[in-house]
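When you read off a place in the sequence shown, starting at 1, and then add 10, the result is the number in our numbering. C-beta atoms are modelled at their ideal positions from N, C-alpha and C, and glycine is treated no differently. Since this is a predicted model, take the numbers as computed values, not measurements. Quick notes on the structure that follows.
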Amino acid sequence: MLRELKRVVEESGKDPQEFQQTANYLLANQFVSAFKHGQRRHFLLVEMYQQYFGNLFDALGMKLYVNENERLAGLLPIEREAFVRLKTDETLFLLVLRQIYEEKVENFEIDNGFVATNSVAILERYVQLVKREIPTETRFKDILTLFSKHGLIIRGKAFEEDAKNIMVNITPVVRLVVTEAYLRQLESFNGADPEEDEVVDEQVEQSPEAQ
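So, in C-alpha cells, the structure goes:
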C-alpha cells in the first residue's frame, strides 16, 4: 500500500498526509458527507481517488461505499465480527429514524439527502411505535451520541423555546444500516423485552473508539 500511496501522491501532486488524514478520519467516523462542515475535503479526496481508498480499506477488511448523488462516502464491514451489538432500545430507535426518514422523503422534505426533525418528534414516534416509555434524558443523549458517531444523524442546536428539544438531521446512512429486511424484523417487535440484546446484523462498523 505504501507503493500505491507513493504513486497517487506523485500523480496528484498532493501531500501524502492528506490521504493519511482522510483514511484516519474515515476509520474514526465511518462516514463523511460533502454537505457536513469539516468533511467536504475528505469526501472530495475519496471521490477522486476511489480506487486507492477502495484497495486500502479492502486490505483492512472493509468495503468503501461512495454515493456521488448523495455526496456520501463511508466504510462498511465485510466480516460479521465487525458488526456492532446494540441494545434493544438502540435498535428500536433505528427503526424510528428510518421511518421518519422515509416519510420525509415521500413528502419531498429532504435537502441534499438529509431530513430535518427534532429530538421531541423522535421520542414521540418511539412511544407511538413500540409502546414503551421514553428513556431517561441521559440515556437518550447516549443513544444520540452513538448514532452521531456512526454518521446516522447530525445533532444541531436546541430550540430557544425548549432547551431540551434539539434539532436533528437524519443522514442517508440510515438506509444502509436499516435495510428493508431489518426494517420488517424490527416492525414485528411486540414490546416484550428479549432475553438478549438485539444485534444489528447489517452494515454498521464498529469504529476504533467503540472497541
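- Excluding its 5 nearest sequence neighbours in each direction, Leu15 has C-beta neighbours in its own chain below 7 Å: Pro26, Phe29, listed in chain order.
- Rounded to whole angstroms, the Cβ separation of Ile132 and Asp99 is 12 Å, and the two are not in contact under 8 Å.
- With a threshold of 16 other beta carbon atoms within 10 Å, His52 meets it and is buried.
- Nearest to Glu57 by C-alpha distance, out of Leu102, Glu20, Asn117, Leu36, is Leu36.
- The segment 176–185 makes contact with the segment 107–116, as at least three CB pairs between them are under 8 Å.
- For Leu55, the closest alpha carbon among the candidates Leu70, Gly84, Ala38, Ala69 is that of Gly84.
- Listed in chain order, the beta strand (DSSP E) elements of length 3 or more contained wholly in the segment 92–173 are 125–128, 163–169.
- Counting C-beta pairs closer than 8 Å gives fewer than three between the segment 68–81 and the segment 140–149, which falls short of the contact rule.
- With fewer than 16 neighbouring CB atoms inside 10 Å of its own CB, Lys167 falls in the exposed class.
- Comparing alpha carbon positions, the residue from Phe45, Val130, Val125, Gln31 closest to Asp172 is Val130.
- Taking all protein chains in view, the Cβ of Gly71 is surrounded by fewer than 16 other Cβ atoms within 10 Å, so the residue is classified as exposed.
- DSSP places Leu70 outside both helix and strand once states are collapsed to three, so it counts as coil.
- Thr148 sits exposed, since fewer than 16 C-beta atoms from the chains shown fall within 10 Å of its C-beta.
- For Asn65, the secondary structure class from DSSP, reduced to helix, strand or coil, is helix.
- Between Phe118 and Arg81, the CB-CB gap reaches or exceeds 9 Å.
- Only residues of its own chain outside the window of five on either side were considered, and among them Val56, Leu74 have a CB closer than 6 Å to the CB of Phe63, listed in chain order.
- Of the residues assessed, Val187 falls on the buried side of the cut-off, its CB having 16 or more other CB atoms within 10 angstroms.
- For Phe41, the enclosing beta strand (DSSP E) begins and ends at 41–43.
- DSSP, read as helix, strand or coil, puts Val178 in strand.
- With at least 16 other beta carbons inside 10 angstroms of its own, Val106 counts as buried.
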